[in-house]
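Novice: For the sequence shown, my numbering begins at 1 and goes up steadily by one.
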Amino acid sequence: MASISVRDVEKRFGNGPAVLRECNLDIADHEFLVLVGPSGSGKTTLLRIIAGLEAATSGEIYFGDRLVNDVDVGDRDIAMVFQNYGLYPHMTVRNNMAFGLRRRKLPKDAIDQKVREAATMLGIENLLDRRPRQLSGGQRQRVALGRAIVRDPAVFLLDEPLSNLDAHLRLQMRTEILRVHRAVTATTVYVTHDQVEAMTMGDRIAVMNNGLIQQVGTPEELYDRPVNRFVAGFIGTPAMGFLTCSVNRNGDRAELVRDGVCLRLTEEQSRKLTLPHGAAVVAGVRPENLRPVSADGSDSEVSVVKGAIEVVEPLGPEQHLVVDVGGEMVTARVDRDVAARRGEKVSLAVGAGRAHVFSIDSGEALL
Numbered sequence: 001m002a003s004i005s006v007r008d009v010e011k012r013f014g015n016g017p018a019v020l021r022e023c024n025l026d027i028a029d030h031e032f033l034v035l036v037g038p039s040g041s042g043k044t045t046l047l048r049i050i051a052g053l054e055a056a057t058s059g060e061i062y063f064g065d066r067l068v069n070d071v072d073v074g075d076r077d078i079a080m081v082f083q084n085y086g087l088y089p090h091m092t093v094r095n096n097m098a099f100g101l102r103r104r105k106l107p108k109d110a111i112d113q114k115v116r117e118a119a120t121m122l123g124i125e126n127l128l129d130r131r132p133r134q135l136s137g138g139q140r141q142r143v144a145l146g147r148a149i150v151r152d153p154a155v156f157l158l159d160e161p162l163s164n165l166d167a168h169l170r171l172q173m174r175t176e177i178l179r180v181h182r183a184v185t186a187t188t189v190y191v192t193h194d195q196v197e198a199m200t201m202g203d204r205i206a207v208m209n210n211g212l213i214q215q216v217g218t219p220e221e222l223y224d225r226p227v228n229r230f231v232a233g234f235i236g237t238p239a240m241g242f243l244t245c246s247v248n249r250n251g252d253r254a255e256l257v258r259d260g261v262c263l264r265l266t267e268e269q270s271r272k273l274t275l276p277h278g279a280a281v282v283a284g285v286r287p288e289n290l291r292p293v294s295a296d297g298s299d300s301e302v303s304v305v306k307g308a309i310e311v312v313e314p315l316g317p318e319q320h321l322v323v324d325v326g327g328e329m330v331t332a333r334v335d336r337d338v339a340a341r342r343g344e345k346v347s348l349a350v351g352a353g354r355a356h357v358f359s360i361d362s363g364e365a366l367l
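(1) Is it true that the CB of Val196 sits closer than 8 angstroms to the CB of Thr244?
(2) What separation, rounded to the nearest whole angstrom, lies between the Cα atoms of Ala18 and Val227?
(3) Given a cut-off of 8 angstroms on the beta-carbon distance, is the pair Leu315 and Ala340 in contact?
(4) If you follow the alpha helix (DSSP H) that Ser270 is in, where does it begin and where does it stop?
(5) Hey, quick one: how far does the beta strand (DSSP E) through Pro238 stretch, first residue to last?
(6) Of the residues Val34, Glu310, His30 and Asn210, which one's Cα is nearest the Cα of Gly64?
(7) Give the straight-line distance between the Cα atoms of Glu220 and Val189, rounded to the nearest whole angstrom.
(8) Can you check the segment 62–123 for any alpha helix (DSSP H) of at least 4 residues that lies completely inside it and give the ranges in chain order?
(9) Is the number of C-beta pairs between the segment 99–117 and the segment 131–139 that are closer than 8 angstroms three or more?
(10) If distances are taken between C-alpha atoms only, which option among Val325, Leu128, Ile205 and Val6 comes closest to Ile309?
(11) What does DSSP give as the partner residues of Asp159 in its beta bridges?
(12) Specify the secondary structure class of His356 as computed by DSSP and reduced to three states.
(13) By Cβ distance below 6 angstroms, which residues in the same chain neighbour Gly363 in space, the five residues on each side in sequence not counted?
(14) Might you give, ordered along the chain, the residues of its own chain that have their beta carbon closer than 6 angstroms to the beta carbon of Ser41, omitting 5 neighbours on each side?
(15) Three or more C-beta pairs under 8 angstroms: does that hold for the segment 39–57 against the segment 91–99?
(16) Contact defined as beta carbons within less than 8 angstroms: I believe Gly211 pairs with Arg21. What is the distance between those atoms, to the nearest angstrom?
(17) Kindly indicate which three-state DSSP category Ala186 falls into: helix, strand or coil?
(18) What residue from Asp109, Glu313, Thr192 and Pro292 has the CA that sits closest to Leu35's CA?
(19) Out of Thr175, Leu87 and Thr331, point me to the one whose CA is closest to Phe242's CA.
(20) Out of curiosity, what's the CA-to-CA distance linking Val93 and Ile27?
(21) Give the single residue among Ile149, Glu160 and Asn164 whose Cα lies nearest to the Cα of His181.
(22) What are the boundary residues of the alpha helix (DSSP H) that Gly146 is part of?
(23) What are the boundary residues of the beta strand (DSSP E) that includes Arg258?
(24) Enumerate in chain order the residues of its own chain whose CB-to-CB distance from Val257 is below 7 angstroms, with the five nearest sequence positions on each side excluded.
(25) By Cβ distance below 6 angstroms, which residues in the same chain neighbour Arg291 in space, the five residues on each side in sequence not counted?
(26) In terms of residue numbering, what span does the beta strand (DSSP E) encompassing Thr331 cover?
(27) Among residues of its own chain, excluding the 5 on either side of Glu288, which ones have a beta-carbon nearer than 7 angstroms to its beta-carbon?
(28) Report the rounded CA-to-CA distance for Met80 versus Ala2, giving the unit in angstroms.
(29) If you follow the alpha helix (DSSP H) that Leu165 is part of, which residue opens it and which one closes it?
(30) Which value, in whole angstroms, describes the spacing of the CA atoms of Ala423 and Ala154?
(31) Suppose the cutoff is 6 angstroms on Cβ atoms and the five residues either side in sequence are ignored; what does the same chain contact list for Arg379 look like?
(32) What's the C-alpha gap between Phe418 and Asp70?
(33) Using the three-state DSSP reduction, which class does Pro219 fall into: helix, strand or coil?
(34) Quick check on this structure: which residue in His90, Gly353, Tyr88 and Arg142 has the alpha carbon closest to the alpha carbon of Gly284?
(35) Look at Gln215 and Asn164 and say whether their C-beta atoms are less than 8 angstroms apart.
(36) Relative to the alpha-carbon of Thr45, which residue among Leu366, Ser359, Glu160 and Ala355 has its alpha-carbon at the smallest distance?
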């Protein structure tokens with residue numbers, strides 16, 4: 001078992017710009033932490049530094065109280081699962097799973113027992129005598145997981161392990177990976193670009209962009225209280241919609257306004273927003289917080305956003321309406337029985353206190 005601490009880690013390749021900057025992260029023992037971000041955000045580089053496959057330009061990596069910067073990857077008590085599985089094509093499933101144990105010169109009986117136990121856990125006990133070319137993508141991924149499990153490591157490191165699988169199999173394998181994590185005692189660090197994977201799997205999530213860790217928190221914290229516009233727009237499906245507005249103050253209350261938009265702030269929000277009348281901000285609204293109202297937008301309890309429907313996306317029990325609000329797009333998640341057609345004008349209500357507010361310059365969350 002091991003906690004992991006990343007302290008002030010930076011990484012440069014040659015004389016190029018920093019690909020990781022001021023990365024600080026504490027991962028608890030037996031925690032399932034997800035590193036998520038777009039391509040090029042630095043998440044895989046950070047994982048490889050934790051693994052010892054890359055050396056940090058500066059900063060420190062601790063496993064528990066042990067500084068591991070100069071510890072060889074083979075001595076860090078880790079197991080990695082890669083996107084491409086990394087199986088030996090000429091070996092059977094049994095031999096692929098047993099390979100690392102044989103190198104450690106464990107007794108044959110102990111190796112056989114560990115392989116059988118891991119294969120049973122993953123439901124591949126009937127595949128032990130096959131070779132990788134005889135397996136489906138999901139079965140190969142299970143073998144790769146099994147090879148990691150039998151080593152009984154202190155830390156599991158998984159780098160985009162499901163990206164080669166189809167959507168249905170990804171959902172199934174997410175469940176398998178979480179079940180394995182709960183069954184073993186290892187700390188797990190999981191890299192993905194898929195925020196749905198991150199939200200459904202992680203005890204906590206570290207959101208990365210441009211080599212920086214933007215925010216670390218539980219899925220609920222990231223969704224409800226994003227620290228900046230990037231996190232707000234990256235976490236959530238469909239994504240949060242953003243509208244450039246001006247602050248309109250009327251006594252103790254404030255609202256965010258522009259053509260076709262009037263977002264009323266609560267008394268508490270009005271107090272917290274210290275910007276003066278007329279200041280420009282960016283308002284963010286989640287799709288589930290938008291609901292159709294009458295065409296005149298009359299509803300005393302809510303704010304209203306007006307625009308034209310650009311796209312209607314039917315999704316079985318619900319539909320998504322992509323609405324053009326003066327050149328900026330927001331998405332509303334509505335019931336399937338709401339009548340909507342492309343080109344129609346629509347008024348969408350936003351419940352009081354449901355709007356997020358971001359700085360137009362820095363993107364930092366103001367509310």
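Glycine residues also receive a C-beta, built at the ideal position from the N, C-alpha and C atoms. Because the structure is a prediction, the values reported are computed rather than measured.
Specialist: Taking the structure as given:
(1) The sequence position of residue 244 within the sequence shown is 244, counting from 1. The sequence position of residue 196 within the sequence shown is 196, counting from 1. The Cβ atoms of Thr244 and Val196 do not sit closer than 8 angstroms to each other.
(2) Residue 18 sits at position 18 when you count from the first residue of the sequence shown. Residue 227 sits at position 227 when you count from the first residue of the sequence shown. Going from the Cα of Ala18 to the Cα of Val227 covers about 23 angstroms.
(3) As a working note, residue 315 is residue 315 in the sequence shown. As a working note, residue 340 is residue 340 in the sequence shown. It is not a contact, given that the beta carbons lie outside the stated cut-off.
(4) The residue you call residue 270 lines up with position 270 of the sequence shown. It spans Glu267 to Lys272 - the alpha helix (DSSP H) in which Ser270 sits, taken as one unbroken run.
(5) Start at 1 with the first residue of the sequence shown, and residue 238 comes out as number 238. Bounds of any beta strand (DSSP E) do not take in Pro238, whose DSSP letter is neither H nor E.
(6) The residue labelled residue 64 in the question sits at position 64 within the sequence shown. Nearest option by C-alpha distance: His30.
(7) Your numbering for residue 220 matches position 220 in the sequence shown. Your numbering for residue 189 matches position 189 in the sequence shown. In this model, Glu220 and Val189 are separated by some 19 angstroms (Cα to Cα).
(8) Runs found: 93–103 and 108–122.
(9) No, the segment 99–117 is not in contact with the segment 131–139.
(10) Position 309 of the sequence shown, counted from the first residue, corresponds to residue 309. Nearest of Val325, Leu128, Ile205 and Val6 to Ile309, Cα basis: Val325.
(11) Sequence index remark: in the sequence shown, residue 159 carries index 159 (1-based). Answer is Val191, bridged to Asp159.
(12) To locate residue 356, count along the sequence shown from 1; it is residue 356. Strand.
(13) Taking the first residue of the sequence shown as position 1, residue 363 is located at position 363. Close CB contacts of Gly363 within its chain, under the 6 angstroms cut and outside five residues either way in sequence, are with Asn228 and Arg229 (chain order).
(14) Counted from its first residue, the sequence shown places residue 41 at position 41. Excluding positions up to five away in sequence, the list reads Met208 and Asn209.
(15) Contact fails: fewer than three Cβ-Cβ distances are below 8 angstroms.
(16) Working through the sequence shown from its first residue, we reach residue 211 at position 211. Working through the sequence shown from its first residue, we reach residue 21 at position 21. Confirmed, Cβ separation roughly 5 angstroms.
(17) The sequence position of residue 186 within the sequence shown is 186, counting from 1. When secondary structure is reduced to three states using DSSP, Ala186 falls in the coil class, being assigned neither helix nor strand.
(18) For the purposes of this step, residue 35 is taken as residue 35 along the sequence shown, with counting starting at 1. Of the candidates Asp109, Glu313, Thr192 and Pro292, the residue whose Cα lies closest to the Cα of Leu35 is Thr192.
(19) For the purposes of this step, residue 242 is taken as the residue at position 242 of the sequence shown. Measuring from the Cα of Phe242, the nearest candidate turns out to be Thr331.
(20) Here residue 93 refers to the residue found at position 93 of the sequence shown. Here residue 27 refers to the residue found at position 27 of the sequence shown. If you draw a straight line from the Cα of Val93 to the Cα of Ile27, it is about 32 angstroms long.
(21) By 1-based counting over the sequence shown, the position of residue 181 is 181. Minimum Cα distance to His181 is reached at Ile149.
(22) The sequence position of residue 146 within the sequence shown is 146, counting from 1. First-last of the alpha helix (DSSP H) with Gly146: Gly137 to Ile149.
(23) In the sequence shown, counting from the first residue as 1, residue 258 sits at position 258. Arg258 -> beta strand (DSSP E) spans Arg253 to Arg258.
(24) Position 257 of the sequence shown, counted from the start, is the residue given in the question as residue 257. In the same chain as Val257, and ignoring 5 residues on each side of it, the C-beta atoms closer than 7 angstroms to its own belong to Cys245, Ser246 and Asn248, in chain order.
(25) As a first step, residue 291 is located in the sequence shown; it is residue number 291 there, counting from the start. Result list for Arg291: Ala349, in chain order.
(26) As a working mapping, residue 331 is identified with position 331 in the sequence shown. From DSSP, the beta strand (DSSP E) with Thr331 extends over Glu328 to Asp335.
(27) Locating residue 288 in the sequence shown gives position 288, where the first residue counts as 1. Same-chain partners within the cutoff: Arg333.
(28) If you number the sequence shown from 1, residue 80 lands on position 80. If you number the sequence shown from 1, residue 2 lands on position 2. Met80 and Ala2 have their C-alpha atoms some 15 angstroms from each other.
(29) Position 165 of the sequence shown, counting from 1, holds the residue named residue 165. Taken as a continuous stretch (DSSP letters only), Leu165 belongs to no alpha helix (DSSP H), as it is neither H nor E.
(30) The requested residue 423 does not occur in the structure, where the chain is confined to residues 1 to 367.
(31) Missing from the structure shown is residue 379; the chain here goes from 1 to 367 and no further.
(32) Since the displayed the chain opens at 1 and closes at 367, residue 418 lies outside it and no answer follows.
(33) Counted from its first residue, the sequence shown places residue 219 at position 219. If DSSP states are grouped into helix, strand and coil, Pro219 belongs with the helices.
(34) Within the sequence shown, residue 284 is the residue found at index 284, counting from 1. For Gly284, the closest C-alpha among the options His90, Gly353, Tyr88 and Arg142 is that of Gly353.
(35) Here residue 215 is taken as the residue at index 215 of the sequence shown, counted from 1. Here residue 164 is taken as the residue at index 164 of the sequence shown, counted from 1. In terms of Cβ geometry, Gln215 and Asn164 do not form a close pair [threshold 8 angstroms].
(36) What you label residue 45 is simply residue 45 of the sequence shown in a count that begins at 1. That would be Glu160, whose Cα lies nearest to the Cα of Thr45.
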